[in-house]
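Chains as they are written, first to last, in full-length UniProt numbering: chain A, 1 to 306; chain B, 1 to 306; chain C, 1 to 254; chain D, 1 to 254.
Idealized CB from N, CA, C, for every residue including glycine.
To start, the structure itself, in structure tokens.
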Amino acid sequence: MSVVNTEVELGPLKLKNPILTASGTFGYGLEFSQFGDLASLGGVIVKGLSLKPRQGNPMPRIVETPCGMLNAIGLQNIGIDAFLKDKLPFLPFKDTAVIVNLYAHSVQEFGELAEILSQETRVAALEVNISCPNVKQGGVQFGQEPKMAFKVVEEVRKKAGPKPVIVKLSPNVTDIKEIARAVIDAGSDIVSLINTLSGMAVDIYTKKPKLKNIFGGLSGPAIKPVALKMVYEVASKFDIPVIGVGGISKVEDVLEFLLVGALAVQIGSANFMRPGLSFELVEELPHLMNKLGIVSLKEWVGSLEV
Amino acid sequence: MSVVNTEVELGPLKLKNPILTASGTFGYGLEFSQFGDLASLGGVIVKGLSLKPRQGNPMPRIVETPCGMLNAIGLQNIGIDAFLKDKLPFLPFKDTAVIVNLYAHSVQEFGELAEILSQETRVAALEVNISCPNVKQGGVQFGQEPKMAFKVVEEVRKKAGPKPVIVKLSPNVTDIKEIARAVIDAGSDIVSLINTLSGMAVDIYTKKPKLKNIFGGLSGPAIKPVALKMVYEVASKFDIPVIGVGGISKVEDVLEFLLVGALAVQIGSANFMRPGLSFELVEELPHLMNKLGIVSLKEWVGSLEV
Amino acid sequence: MEFKTVQVKKIVKLEGAPLIHLFLEGLDINHRAGQFVMLRPRGWEFDPLWPRPFSICNQDKDGLHIFLQVVGRGTRRLALLNKGDKIDCWGPIGNGFPIDRREKVLILCGGMGIAPFVSFCTQHQNPQNIRLIFGHRLDLRVYPWNLIPSLVDKFAFRQENEKDLKKFEKQIKQEIYNFKDIGKILVCGPRPFLKIVHKYAFEFKCADRVYLSLENRMACGVGACLGCVAKTVNGYVQTCIKGPVFKATELEEI
Amino acid sequence: MEFKTVQVKKIVKLEGAPLIHLFLEGLDINHRAGQFVMLRPRGWEFDPLWPRPFSICNQDKDGLHIFLQVVGRGTRRLALLNKGDKIDCWGPIGNGFPIDRREKVLILCGGMGIAPFVSFCTQHQNPQNIRLIFGHRLDLRVYPWNLIPSLVDKFAFRQENEKDLKKFEKQIKQEIYNFKDIGKILVCGPRPFLKIVHKYAFEFKCADRVYLSLENRMACGVGACLGCVAKTVNGYVQTCIKGPVFKATELEEI
Ligand SMILES: Cc1cc2nc3c(=O)[nH]c(=O)nc-3n(C[C@H](O)[C@H](O)[C@H](O)COP(=O)(O)OP(=O)(O)OC[C@H]3O[C@@H](n4cnc5c(N)ncnc54)[C@H](O)[C@@H]3O)c2cc1C
Ligand SMILES: Cc1cc2nc3c(=O)[nH]c(=O)nc-3n(C[C@H](O)[C@H](O)[C@H](O)COP(=O)(O)OP(=O)(O)OC[C@H]3O[C@@H](n4cnc5c(N)ncnc54)[C@H](O)[C@@H]3O)c2cc1C
Ligand SMILES: Cc1cc2nc3c(=O)[nH]c(=O)nc-3n(C[C@H](O)[C@H](O)[C@H](O)COP(=O)(O)O)c2cc1C
Ligand SMILES: Cc1cc2nc3c(=O)[nH]c(=O)nc-3n(C[C@H](O)[C@H](O)[C@H](O)COP(=O)(O)O)c2cc1C
Ligand code: FES
Ligand code: FES
């Protein structure tokens, strides 16, 4: 095997390889340390963290669907303080990018979270999850309304100091480019997409929704075509580093997302298929690059021939 | 087995059972006559027809995806005249609802199609496909812009005379309720949803999109959770008959869509799994109703307990 | 916890019952009764997406023994496995049941809930300290009843209709009542069964000695997805890694 | 065309090659060589979604004979079938090759393209009228070469590298040239192979007697989805029901 270069540069964020784990599907990272070397990953994005611990939604919270799943975890998390104290010290932050996914109900709370993390050298970047309902505007998500998205990102960018800010986009929009434009204008350094698609499942025997929350987010291989298209649309239109997420489960998928213009990817629900999957992808990537004659990922990114 | 009532009334449109075949997945109906009795179906919705015959998109036009598929057929069809002359006479229009799916590039063309069909007694209803690009507005779909959707439907409703008008909604929107409101205000008698989700697939070996058209529409079991949610949102908010479409492949799925409020369903990509599938569902429905103690579908529709 | 791609060594399908004995070879683990493994055959590609959790029924020269019932999509496909097929497997997961050879213990199990107790009774050094009550719907011979050592004081009750169920519920009540001051009560079975036991545990004030194994829906089996949580006095905690066995007093809801 | 849920009667996997002989029982059809069936095992539930098209290789007391190569997700799963497994099957589909026992005919096939010609040559009443040229990559013994009647004037060319391929292309050119005024030329094989033949057919002005079988991606196999169309002089037409065999002069693109 000849030596290949898997490094990627997403503006201010440098990764030794393009494989990150997606928020909410990899716990706080430590849950997977017995299945592979966390330090081998391009980065670990931890479960969405809020200012205070959150209990999340009542059960049932998950249900399997064809080639996918719905979740309505409701952002259960231990809170930012407990994370910094009890989890972060045990993560290999010197060898891999530890990225914190932020979740809040208001612009101000987002700002507070960013401020707390702005001086935290062990954290490589912040990922802003704007797929949460904006309470004041009656349930529409921050990520569905360009103006609201702008405000959140502007505030985070202001408070985050030197930290790279990634904004994670919701696919539940008419035109992903509009939201992308808004968060770019607001100073986002990187965008990641997609979060889950809105969905629902019901049980004809109990006549009830299969999720207590009624609605949930659809993820897994089922949504890969939707993710790929949105990544392509954003990456080919805007001059901003893009991280692709959605349905990735094979090393070929990784190169597909890079081909349409992503600089890195996140592995989400596929981590549930087997806990070592993300580590396997890191190992397999150089082999597939070799097979395809790719020496450096830089030449591959966005090289789709249309 | 005790006798159950599978009849449903969608405003002006009465069906002997709620199982229709979705446009574009059942040809002109006749292709399936050797696999079952067309007259046994609740209705047949034929391939989208335009004023003039259309050649459609170059190949490849279809690609399989996890639990689903992408298509970019490009509305190849024989044109409305040839349909009325060469296909319609051979369909069992006396015993089942033959529904024509309309496709056009402008408001005026939609009107012309509606006018042609308005006096055609062999056609039970019109289904307006507003998921086509609105050329004047630069590629956004009629179905993504409430104002444009309103105009199309208003025109069709005006020209369609006594024919029930079904409007088929695109899921590629931020809020399906907005579009639903627009087409209801414009005089739609029934809405059907969902059409395909926008998606894409690429081949890392050729570095090309797997569809010549680059983008295609995602359908199949993969999208069922998205369809179910949108149907629930529209059916529980508006007082209009709803037809559910998206990922239905089992008789249980039929009752799921009815449970969240649909009065009828369309079977789409599942017809490709085996050509007799829609006929099987018609046969299986009374058995499942029996098992669940449902005497009439009227009591079941929208009876989800939330 | 260990991860391995193991092989089906043997698969025994029972005639006339949707029950399967699966023997896996290649995972060398020491388990505690009540712990479980996640299984996902290599052939599943994308669908079903998740692995499936199963109690370790036993472990011996035939490998890891799983006793499973066909109930849905996943188990239907597990039933089609053949000797030599490859399965991703990780475990042992969770806490398992407490085991103390000097103490008397009452086991209440229903249906597939018998699985972990095969291991429990086999590993137990004083099986004569165990009393085991088993409620079942199918013919007793289709369950691993004979694998329970004969020194165990065991009783099986078949439920073929509503009346039997009521009778069994009464029996359970009586058993809990009789045992309430004696020792631990270990429970595994379908949710309605657990609810009944939970109720009597509180009624007879022995809830702090009643241990229930929950079978929540699981996606990851490593504590990461937070999909399997149980509502406890300490909030929502992962059933997979913090359970599946909980003291009745810890659970706010079943 | 008939639809049936048939059974695997026999499945023969070739050692060292990703090739499978599949024998299905239960579909009583009369077919014409070049016609095909759609197969979808019952066990596929939702994924893969589509059935898969395969030429009818032959039909005899062993049932319907399919000869297939494992190339992707679907065929990989077909290779795991066992005797007795159930498969939804419909066919015969399409037009098939023209057959005229009095005429000389040249067959050009590559790889799996040999499949329909096993049936063609077996059904043919004057096999001595057939000349068959077969290009292949693997050892000849893994192909159903011996099923081609010995009276057929048959030649096999193995391609192990670029050079062999060039040589084979030259051979094809020569064969077409020699045959251009004699009779029909029937062709089946991978797309690059078809393109070459198509080119020479026009070069030697015998395109109206060259029949090519296309292997387009198919979803429905009944003419309904319009996903499999070929670009012909009459516009886009369904390869499944209007093909899969087209005259070279009908095709605007391969
Ligand atoms: C810790 C643990 C240990 C278990 N041990 C065993 C065991 O030893 N033997 C065994 O047979 N099963 C055991 N189960 C249950 C087993 O995991 C499920 O039966 C299985 O996952 C169902 O998969 P499926 O795809 O066939 O069903 P699905 O298609 O996912 O569900 C179909 C239907 O099955 C039922 N179902 C779903 N999940 C469960 C569940 N957890 N328990 C019971 N019914 C369910 C539901 O009614 C559902 O409608 C255990 C579960 C847990 C959490
Ligand atoms: C009319 C007709 C007759 C056929 N007869 C035979 C036959 O007798 N024996 C046989 O082995 N195959 C035959 N094929 C091809 C066969 O249908 C495909 O190989 C099969 O569908 C691939 O399925 P898959 O899921 O394994 O591949 P997929 O996962 O769908 O595709 C994987 C890879 O396989 C290749 N592939 C996909 N479709 C085809 C194709 N149509 N031909 C060749 N490679 C393809 C592509 O390179 C693709 O990247 C026939 C096809 C048609 C249309
Ligand atoms: C169980 C679960 C929990 C998730 N939690 C979060 C979260 O806390 N924050 C977030 O931004 N995204 C969250 N996501 C979304 C994923 O990070 C990812 O965007 C999505 O699942 C699509 O990728 P996939 O198809 O690879 O899973 C969650 C997804 C799942 C399945
Ligand atoms: C090959 C194909 C062609 C289609 N053509 C049309 C069409 O002409 N008009 C239309 O309104 N919808 C068309 N559709 C969309 C379907 O009618 C249906 O809305 C969609 O596929 C979702 O349903 P499903 O998941 O059951 O397939 C087409 C879908 C497919 C797969
Ligand atoms: S199964 Fe994922 S946390 Fe328990
Ligand atoms: S495969 Fe659908 S039209 Fe040919």
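Proximal chain C residues relative to residue i, where beta-carbon distance stays under 8 Å
i                     : result
residue 43 of chain D : 77, 80
From the options, residue whose alpha carbon lies closest to that of residue i
i                      : options                    : result
residue 70 of chain B  : D/191, D/219, D/144, D/246 : D/219
residue 214 of chain C : C/48, C/64, C/113, C/51    : C/113
residue 32 of chain C  : C/124, C/23, C/128, C/108  : C/124
residue 240 of chain C : C/115, C/90, C/154         : C/90
residue 225 of chain A : A/10, A/196, A/72          : A/196
residue 165 of chain D : D/192, D/35, D/53          : D/192
residue 49 of chain D  : B/64, B/51, B/56, B/194    : B/64
residue 173 of chain C : C/122, C/35, C/108, C/229  : C/108
residue 29 of chain D  : D/77, D/92, D/237          : D/92
residue 246 of chain A : A/160, A/23, A/13          : A/23
Under 9 Å by beta carbon: chain B residues contacting residue i
i                      : result
residue 256 of chain A : 201, 202, 203, 204
Heavy atom of ligand 1 within 7 Å of residue i beta-carbon
i                      : result
residue 69 of chain C  : yes
residue 129 of chain B : no
residue 252 of chain B : no
Contacts that residue i makes with chain B (C-beta to C-beta distance below 8 Å)
i                      : result
residue 222 of chain D : 27, 31, 32, 35, 275
Residue i beta carbon near ligand 4 (any heavy atom closer than 7 Å)
i                      : result
residue 225 of chain D : yes
Near ligand 5: residue i beta-carbon under 7 Å from a heavy atom
i                      : result
residue 132 of chain B : no
residue 69 of chain A  : no
residue 239 of chain C : yes
Cross-chain neighbours of residue i in chain D, by beta carbon under 7 Å
i                      : result
residue 179 of chain C : Result: empty, since nearest Cβ-Cβ is about 46 Å, beyond 7 Å.
Proximity test, residue i beta-carbon vs ligand 3 heavy atom, cut-off 7 Å
i                      : result
residue 48 of chain A  : yes
residue 266 of chain A : yes
residue 201 of chain A : no
residue 97 of chain A  : no
residue 177 of chain C : no
residue 219 of chain A : yes
Per-residue contacts from residue i into chain D (C-beta, under 9 Å)
i                      : result
residue 139 of chain C : Chain D residues near residue 139 of chain C: none, gap ~26 Å exceeds 9 Å.
Interface residues of chain B facing residue i [CB-CB closer than 7 Å]
i                      : result
residue 218 of chain A : 225, 226
residue 47 of chain D  : 66, 67
residue 40 of chain D  : 273, 274
Per-residue contacts from residue i into chain A (C-beta, under 7 Å)
i                      : result
residue 222 of chain B : 66, 67, 68, 222
residue 236 of chain C : 55, 56, 76
Near ligand 2: residue i beta-carbon under 7 Å from a heavy atom
i                      : result
residue 112 of chain D : yes
residue 45 of chain D  : no
residue 141 of chain D : no
Cβ separation of residue i and residue j, assumed to be a contact under 8 Å, to the nearest whole Å
i                      : j                      : result
residue 127 of chain A : residue 102 of chain A : 7 Å
residue 169 of chain D : residue 196 of chain D : 6 Å
residue 260 of chain B : residue 202 of chain A : 6 Å
residue 265 of chain A : residue 272 of chain A : About 17 Å separates the two Cβ atoms, so there is no contact after all.
Partners in chain A for residue i, counting only beta-carbon separations shorter than 9 Å
i                     : result
residue 85 of chain C : Within chain A, no residue comes near residue 85 of chain C; the closest Cβ sits about 16 Å away, beyond 9 Å.
Distance cut-off 7 Å: residue i Cβ against heavy atoms of ligand 6
i                      : result
residue 221 of chain D : yes
Proximal residues of chain C, C-beta to C-beta of residue i below 9 Å
i                     : result
residue 71 of chain A : 219, 225, 226, 227
residue 62 of chain A : 50, 217, 218, 219, 225, 226, 227, 228
Within the chosen definition, does the segment 232 to 248 of chain A reach the segment 175 to 189 of chain A through at least 3 CB pairs nearer than 8 Å?
-> yes
Contact the segment 6 to 21 of chain A vs the segment 41 to 56 of chain A: 3+ CB pairs below 8 Å = yes
Are the segment 11 to 25 of chain C and the segment 60 to 75 of chain C touching, with three or more C-beta to C-beta distances below 8 Å?
-> yes
Count the CB pairs spanning the segment 37 to 51 of chain C and the segment 78 to 89 of chain C that are closer than 8 Å, and state whether there are at least three.
-> yes
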